[in-house]
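Notes to accompany the following structure.
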Amino acid sequence: MTLRTTIDFLLHDWLNTSALTERERFVDHSRETFDAVLDTCERIAREKYAPFNRLVDVEEPRTVTEPDGSLRVVLPAATLEAHKAYAASGMLSAAQDFEVGGMQLPYSVEAAANAFFACASVSIGSGMLTTGNANLLMTHGTALQKEVFAKNEFSGRFSGTMCLSEPQAGSSLSDVATRAMPDGEGFEADPLGGRYRLKGNKMWISSGEHELTDNIIHLVLAKIPDADGKLVPGTRGISLFIVPKKLVDTQGALTGVRNDVALAGLNHKLGWRGTTNTLLNFGEGTFPVGQGGYDGKGSGAVGYLVGQPGKGLQCMFHMMNEARIGVGIAATMLGMAGYYASLDYARNRPQGRPMGVGGKDASQPQVAIIEHADVKRMLLAQKSYCEGALALELYCARLVDEHHTAGGATADDARLLLEVLTPIAKSWPSEWCLEANSLAIQIHGGYGYTRDFPVEQYWRDNRLNMIHEGTHGIQATDLLGRKVLMEEGRGLKLLAARMTTSIAHAALFPALAVHGAALAQALQQVAVATQKAWATGNPTEALANAVPYMQAFGHTVLAWIWLDVATKALEHDPAQSSPATQGRMGAARFFFHYELPKIGAWLSVVESRDTTCAALPDDAF
142 MTLRTTIDFL LHDWLNTSAL TERERFVDHS RETFDAVLDT CERIAREKYA
192 PFNRLVDVEE PRTVTEPDGS LRVVLPAATL EAHKAYAASG MLSAAQDFEV
242 GGMQLPYSVE AAANAFFACA SVSIGSGMLT TGNANLLMTH GTALQKEVFA
292 KNEFSGRFSG TMCLSEPQAG SSLSDVATRA MPDGEGFEAD PLGGRYRLKG
342 NKMWISSGEH ELTDNIIHLV LAKIPDADGK LVPGTRGISL FIVPKKLVDT
392 QGALTGVRND VALAGLNHKL GWRGTTNTLL NFGEGTFPVG QGGYDGKGSG
442 AVGYLVGQPG KGLQCMFHMM NEARIGVGIA ATMLGMAGYY ASLDYARNRP
492 QGRPMGVGGK DASQPQVAII EHADVKRMLL AQKSYCEGAL ALELYCARLV
542 DEHHTAGGAT ADDARLLLEV LTPIAKSWPS EWCLEANSLA IQIHGGYGYT
592 RDFPVEQYWR DNRLNMIHEG THGIQATDLL GRKVLMEEGR GLKLLAARMT
642 TSIAHAALFP ALAVHGAALA QALQQVAVAT QKAWATGNPT EALANAVPYM
692 QAFGHTVLAW IWLDVATKAL EHDPAQSSPA TQGRMGAARF FFHYELPKIG
742 AWLSVVESRD TTCAALPDDA F
């Protein structure tokens with residue numbers, strides 16, 4: 142099976158995406174238009190991304206010093222060509238209204254189409270940050286901010302970033318120290334938004350500096366000082382600002398004035414080397430703008446307020462949650478790329494001979510390593526992790542569509558389900574598709590550890606995904622500490638109801654009934670563990686083992702996904718006559734036999750509120 146056939150099955154046979162065309166927003170679409178988008182993206186990924194995946198890994202971004210002392214980023218020409226092709230495809234604005242140049246695609250189709258790019262070369266990038274940046278402005282920006290900034294990002298003329306982390310704060314947004322002060326008299330009346338001067342440092346900014354587009358639009362979290370000049374502690378004082386690299390007028394035309402945003406340096410990474418990752422200095426006077434600012438000589442980066450003061454984090458979460466699904470897809474497709482590579486290697490690498498009753502017969506020719514049981518185990522593990530994760534991501538994307546277009550209780554249920562599933566959609570593929578990459582290396586043996594084969598790069602690229610857009614630990618705390626409790630646990634109940642429905646459907650097929658029973662038991666285990674974790678009402682005790690809880694919760698979700706996918710496969714092919722059905726059934730059996738039983742060990746420490754880790758004194762390590 143190819144990636145395309147897998148996506149076609151999940152989108153059309155399992156999720157019935159064509160049914161969305163009955164809704165007003167998608168009435169101009171059909172399966173044919175959806176397939177045409179997939180065709181285009183598959184072709185661009187094959188022609189403009191895949192051939193250069195190794196190139197951008199080896200020729201990672203570098204800087205050259207300009208005559209004025211500033212740093213300029215140099216990227217391979219292939220990166221620019223890939224960006225142009227992606228922008229020309231219309232995918233930057235795929236889900237937007239026709240009126241703003243979009244295609245009004247369902248998010249589930251957009252996510253599936255972007256999977257081709259992530260599989261071909263995640264490091265080159267497919268504009269996830271730019272799209273997320275522009276989508277945020279379309280939701281929270283003023284009419285002029287949408288026109289000047291968002292629309293130019295959708296066209297590919299501008300690109301976008303999100304600037305949250307700081308060197309001293311990391312993921313602790315409460316400790317953001319970047320400040321924003323009103324930019325002189327009449328600052329409130331600037332047509333582009335309340336005008337401020339920003340000063341601070343931002344770290345880990347992907348695509349923070351390059352020359353791929355005419356301009357870079359930074360979305361920056363900063364705090365507005367109070368009357369005493371002090372920053373409000375915690376997250377409630379955080380505001381959000383548009384900070385363009387180059388200043389523009391109200392028509393979106395470049396003014397020729399460079400904003401006070403300077404590249405301080407590049408982060409040299411284990412993977413994702415084709416993507417520029419930067420440390421940016423805002424407002425240090427490197428590129429003074431006019432008069433005034435922090436020193437009276439123009440220091441301070443000009444920024445335009447988005448939304449209300451102190452409400453920046455709520456705005457930014459719009460982009461962050463979208464980005465988390467994008468990270469899940471990236472992790473999934475890196476795992477998938479490794480799976481396809483190791484499958485090809487296993488089919489073509491002769492080594493060893495089968496064991497017969499008399500032992501191995503050295504006079505017989507060697508067999509392909511795919512004939513060995515342990516290699517099949519490693520391949521099937523990869524298949525179950527990666528195809529299961531892809532199904533999960535597309536299911537979550539479909540929930541986005543339901544939330545935005547279904548209306549009524551259906552839309553609200555989709556919203557709440559998505560809240561519960563987002564930590565899993567981000568973190569489960571980040572952990573288990575990384576494990577798939579490790580197995581891909583193992584199948585290659587020593588060759589897998591060399592740069593002669595691509596699987597080592599896939600592992601390096603994928604290792605990032607457990608870290609960015611909210612670490613594993615942060616996602617786990619969010620799941621157990623907030624998501625399963627919100628609205629009096631209604632989200633968890635909704636998820637359990639969906640699982641119960643799937644179990645009932647699966648019971649109609651004898652081959653799946655035992656799996657349905659196992660899922661029902663797992664669901665009960667998760668429910669009990671959730672209650673026992675919070676039995677004392679003490680967050681410190683409850684959350685001490687949040688990561689094992691998330692691992693068990695995620696495995697239960699993936700077991701449900703596989704049960705539902707396998708049910709649909711048997712509905713279409715009850716005799717299991719096609720290799721595709723046989724493969725899906727094999728992956729489902731593997732997950733239920735080899736993976737789901739693991740949840741008992743994870744949940745045991747959750748239920749007992751085990752303090753082995755949390756209680757160990759620092760000096761005992």
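At the far end of the sequence shown sits residue 762, using the working numbering, and the numbering has no gaps.
Where a beta carbon is used, it is the ideal one built from N, C-alpha and C, also for glycine.
> In angstroms, rounded to a whole number, what distance separates the CA positions of S483 and L520?
Replying inline: As a first step, residue 483 is located in the sequence shown; it is residue number 342 there, counting from the start. As a first step, residue 520 is located in the sequence shown; it is residue number 379 there, counting from the start. Rounded to the nearest angstrom, the two C-alpha atoms are 8 Å apart.
>> With a threshold of 8 Å, are at least 3 pairs of Cβ atoms found where one atom belongs to the segment 672-679 and the other to the segment 716-734?
In response: no
> Which whole runs of the beta strand (DSSP E) in the segment 582-642 are 3 residues long or more, in chain order?
Replying inline: none
> CA-CA distance, K438 and F762?
Replying inline: Walking along the sequence shown from the start, residue 438 turns up at place 297. Walking along the sequence shown from the start, residue 762 turns up at place 621. Their backbone Cα atoms lie some 51 Å apart in a straight line.
> Tell me which same chain residues have a C-beta within less than 7 Å of the C-beta of V289, skipping the five on either side of it?
Replying inline: Reading the sequence shown from its first residue, position 148 is the one you call residue 289. L333, V389, T391, G393, listed in sequence order.
> Which residue from K517, K452, I357, V250 puts its Cα closest to that of T302?
Replying inline: Numbered from 1 along the sequence shown, position 161 holds the residue referred to as residue 302. Of the listed residues, the one whose Cα sits closest to T302 is I357.
> Using the C-alpha atoms, what's the distance from I565 back to V688?
Replying inline: In the sequence shown, the residue the question calls residue 688 occupies position 547. In the sequence shown, the residue the question calls residue 565 occupies position 424. Cα to Cα, the separation comes out at about 11 Å.
>> With distance defined between alpha-carbon atoms, name the residue in Y227, H585, R377 nearest to L353.
In response: As a working mapping, residue 353 is identified with position 212 in the sequence shown. It is Y227.
>> According to DSSP, simplified to helix, strand and coil, what is A685?
In response: Walking along the sequence shown from the start, residue 685 turns up at place 544. Here A685 sits in helix by DSSP.
> How would you call G657, buried or exposed, if buried means at least 16 neighbouring beta carbons within 10 angstroms?
Replying inline: Within the sequence shown, the letter at position 516 stands for residue 657. Classification of G657: buried, given that the 10 Å Cβ count is 16 or more.
>> What does the Cβ neighbour count give for C456, buried or exposed, with the cut at 16 atoms within 10 Å?
In response: Taking the first residue of the sequence shown as position 1, residue 456 is located at position 315. It counts as buried.
> Which runs of the alpha helix (DSSP H), 4 residues or longer, sit entirely within the segment 196-242?
Replying inline: 218-229
>> Measuring straight from C-alpha to C-alpha, what distance separates H646 and Y337?
In response: Taking the first residue of the sequence shown as 1, we reach residue 646 at position 505. Taking the first residue of the sequence shown as 1, we reach residue 337 at position 196. Those two C-alpha atoms are separated by around 58 Å.
> Starting from K410 and walking both ways along the alpha helix (DSSP H), at which residues does that stretch end?
Replying inline: Counted from its first residue, the sequence shown places residue 410 at position 269. Unbroken run through K410: none, as it is neither H nor E.
>> Suppose you measure from the CA of M496 to the CA of S745; what does that come to, to the nearest Å?
In response: Here the question's residue 496 lines up with position 355 in the sequence shown. Here the question's residue 745 lines up with position 604 in the sequence shown. Whole-angstrom Cα-Cα distance: 40 Å.
>> I'd like to know whether the C-beta atoms of S313 and T612 end up nearer to each other than 8 Å.
In response: In the sequence shown, residue 313 corresponds to position 172, counting from 1. In the sequence shown, residue 612 corresponds to position 471, counting from 1. Cβ distance not < 8 Å, so S313 and T612 don't count as in contact.
> From F150 to Y590, what does the alpha carbon distance come to, in whole angstroms?
Replying inline: By one-based count along the sequence shown, residue 150 stands at place 9. By one-based count along the sequence shown, residue 590 stands at place 449. One C-alpha to the other measures close to 34 Å.
>> Could you tell me the alpha carbon to alpha carbon distance between E251 and A236, rounded to whole angstroms?
In response: Counting from one through the sequence shown, the residue named residue 251 turns up at place 110. Counting from one through the sequence shown, the residue named residue 236 turns up at place 95. Their Cα atoms are separated by approximately 7 Å.
>> Using CA atoms only, rank isn't needed, just tell me which of I510, A547, G500, L562 is closest to A140.
In response: Missing from the structure shown is residue 140; the chain here goes from 142 to 762 and no further.
> Got a sec, what are the start and stop residues for the alpha helix (DSSP H) L533 sits in?
Replying inline: Counted from its first residue, the sequence shown places residue 533 at position 392. 514-546 is the span of the alpha helix (DSSP H), which, as asked, contains L533.
> Within the chosen definition, does the segment 199-211 reach the segment 275-288 through at least 3 CB pairs nearer than 8 Å?
Replying inline: no
> If you follow the beta strand (DSSP E) that R336 is part of, which residue opens it and which one closes it?
Replying inline: Along the sequence shown, read from residue 1 onward, the residue named residue 336 stands at position 195. Note, R336: beta strand (DSSP E), 336-347.
> Got a sec, what are the start and stop residues for the alpha helix (DSSP H) K673 sits in?
Replying inline: Against the sequence shown, residue 673 aligns to sequence position 532. Note, K673: alpha helix (DSSP H), 651-674.
> Under 8 Å between the Cβ atoms of L475 and D602?
Replying inline: Looking up residue 475 in the sequence shown gives position 334. Looking up residue 602 in the sequence shown gives position 461. Yes. Within cutoff.
> Among the residues of its own chain, which have a CB less than 6 Å from the CB of L152, if the five just before and after it don't count?
Replying inline: Here residue 152 refers to the residue found at position 11 when the sequence shown is read from its first residue. Only T158, A253 meet the Cβ criterion.
>> Spatial neighbours of V178 within its chain, please: C-beta separation below 7 Å, excluding the five flanking residues on both sides.
In response: Working through the sequence shown from its first residue, we reach residue 178 at position 37. Taken in chain order, the residues that qualify are L246, V250, A254.
> Quick one: what's G282 bridged to in DSSP?
Replying inline: Taking the sequence shown and counting its residues from 1, the one referred to as residue 282 is at position 141. Bridge partners of G282: none, in fact.
> Which word fits Q665, buried or exposed, when buried means at least 16 other C-beta atoms lie within 10 angstroms of its C-beta?
Replying inline: For the purposes of this step, residue 665 is identified with residue 524 of the sequence shown, where counting begins at 1. By the 10 Å Cβ count, Q665 comes out exposed.
>> Measuring straight from C-alpha to C-alpha, what distance separates N686 and T752?
In response: Counting from one through the sequence shown, the residue named residue 686 turns up at place 545. Counting from one through the sequence shown, the residue named residue 752 turns up at place 611. About 8 Å.
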